[in-house]
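Residue numbers (UniProt numbering): 1 to 399.
Data first, discussion second: the structure below is written as structure tokens.
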Amino acid sequence: MNYIQTQKFSDVYVSCKTMMPFNRNTITALNVLVYMMKAKTEKMDSKQKLASTLNLAYGTKISYGLTSFGDLIQVDVRFQFVRPDWIEDENYVNKIKDIMDQALFHSVLDEENFKESVYLLKNRLLAQMDDPANLSCMYAFEMAHDKHSISIPVQGSLKDLETLTLKDVKQIYTLYMDMAKHFYICGYVDQELYDFIDSLDSHCPFISERTLLPKVETSYKTFEKDISQTCISQVYSTGVDISSADYEAELLLCSILGQSQKNLMFDEIREKNSLCYSISSSIIRFDGAILIHTGVNRKDVTKVLNLIETQMDRLLNMDYDDAYLEIAKMGFKDRLVGGLDQALSLIAQAFLDDLLHRKLTTEQRIERIMKVTKEDISRVALQMNLASVAIVAENENEL
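Written out as structure tokens, the structure is:
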């Protein structure tokens, strides 16, 4: 267990993280399971009872999340409640303990809950299929490498949902219950609550499993849809592992390219040439990949793709103003410092350190960022490879 003890927050934040294999044939069942876990427990066996119990515990909150980390998927169950030393109710700690126990270990997996959860997931997936931005990202990931975990949709698939059974969900629940549980506390708790949470922790190190996206021949495909704006998603492999000495250079490359408040793609493609509605880049750090997403008119697709390639060349050739690098560095520094005042950021950073078996202070992280040079970024740019280009475009007759 990792206890980030601090008096700066009025609430306590507890996160139970469970790492599971990230497989195409189980991810849809896992999504349904999360919906079912949210819905009810043995004692809180309806949405009304669940809401009432949380309200009576001074507005305690529970949330659930699924996040991929390379070849693993994380189930994160989070609790937020008022710190016990601020509450005079003698039974308050017992209420929190009971809520945590119910949410973590006493889900109700019956047919009624299953059908409702399938319905909710189906509606979410259908909505995502109607969103061209989401659709282009999904296609780009699928096309990047069909044998790599990057191609697996974290949210599951409609095709698998059609044949999913309650038995499938119960099997994944059994697997979930058997996997190690890692607890993080941020805030201030009394000894009784600390001992309770500590008793739930598996007290074992994380195992990190990840495979970098390999260099492949570029896959390029256009999908037509009845929409008003074309969306382009491109996936690049970087060959940089999150534990590599080049990781900070990869972060800054992505920031300068299309993430920082001042970046090459926005300045050149949107501001200077007015060729897109939106453009950005984001890093997929456990896969060694970068995603570029652009909203354009279909007639401008080729021009935009050429200009994106030009910005890549500028990074390789160090052909950009030093201000881009300095602004990107300051952005990371500000986020790292700002994260010290955010409980969830503190937990996320502690988890990453545990997962990667490292221990870095905020000062050390900032130092590593500030040391990055244009030459370091150029070295990362040299090994980047365009894996896929997925375009969800307006129908030809709408142009």
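Each residue gets a CB set at the ideal place from its N, CA and C atoms; glycine is no exception.
Computed from a prediction, not measured in an experiment: that's the story for all the values here.
Handout entry: Beta-carbon separation (whole angstroms), residue 329 vs residue 184, contact threshold 8 Å
Key = With 8 Å as the limit, residue 329 and residue 184 do not qualify as a contact, their Cβ atoms being about 29 Å apart.
Handout entry: Length of the line joining the Cα atoms of residue 228 and residue 373
Key = 41 Å
Practice task
For residue 386, I'd like the list of residues in its chain whose CB is within less than 6 Å of its CB, leaving aside the five on either flank, ordered along the chain.
Solution key: Leaving aside the five residues that flank residue 386 on each side, the residues in its chain whose CB is nearer than 6 Å to its CB run, in chain order, 218, 236.
Practice task
Output the distance between the C-alpha atoms of residue 399 and residue 226, rounded to the nearest integer angstrom.
Solution key: Bear in mind that the predicted position of residue 399 carries a pLDDT of just 48, short of 50, making it unreliable; the figure below should be weighed with that in mind. C-alpha separation (whole angstroms): 11 Å.
Problem - Selected residue, minimal CA-CA separation from residue 195, among 238, 241, 97 - result: 97
Exercise for the section: Could you check how far apart the C-beta atoms of residue 1 and residue 75 are, in whole angstroms? I think they sit under 8 Å. Expected result: Not confirmed; about 17 Å, so no contact.
Problem - Which listed residue (211, 208, 233, 213) has its alpha carbon closest to that of residue 220 - result: 233
Practice task
Indicate whether residue 164 and residue 126 have their beta-carbon atoms separated by less than 9 Å.
Solution key: no
Exercise for the section: Using three-state DSSP, classify residue 399 as helix, strand or coil. Expected result: Residue placement at residue 399 is poorly supported in this model, since its pLDDT is 48, which falls under 50; the coordinates still yield a value, given next. Coil at residue 399, not helix or strand.
Handout entry: Start and end residues, beta strand (DSSP E) containing residue 289
Key = 289-296
Problem - Residues bridged to residue 9 (per DSSP) - result: Its beta-bridge partners do not exist; DSSP assigns none.
Problem - Nearest-angstrom Cα separation, counted from residue 68 out to residue 378 - result: The alpha-carbon of residue 378 is positioned some 28 Å away from that of residue 68.
Problem - Beta carbon of residue 292 nearer than 9 Å to that of residue 308 - result: yes
Problem - Coil, strand or helix - residue 392 by DSSP - result: strand
Exercise for the section: With DSSP collapsed to three states, give me the class of residue 196. Expected result: In the structure shown, the three-state DSSP call for residue 196 is helix.
Problem - Proximity winner among 84, 300, 255, relative to residue 9 (alpha-carbon distances) - result: 84
Exercise for the section: Would you mind stating whether residue 213 and residue 140 have Cβ atoms separated by less than 9 Å? Expected result: In terms of Cβ geometry, residue 213 and residue 140 do not form a close pair [threshold 9 Å].
Practice task
May I have the straight-line CA-CA distance separating residue 304 from residue 382, to the nearest angstrom?
Solution key: Computed Cα separation, rounded: 21 Å.
Problem - According to DSSP, residues forming a beta bridge with residue 224 - result: 393
Handout entry: Exposed unless 16 or more other CB atoms sit within 10 angstroms - verdict on residue 338
Key = exposed
Problem - Cα-Cα separation between residue 171 and residue 190, rounded to whole angstroms - result: 36 Å
Problem - Proximity below 9 Å, CB of residue 200 to CB of residue 100 - result: yes
Handout entry: Three-state secondary structure (DSSP) of residue 174
Key = helix
Exercise for the section: Could you tell me the boundaries of the alpha helix (DSSP H) in which residue 76 lies? Expected result: It is not in any alpha helix (DSSP H) - residue 76 instead sits in the beta strand (DSSP E) that spans 72-82.
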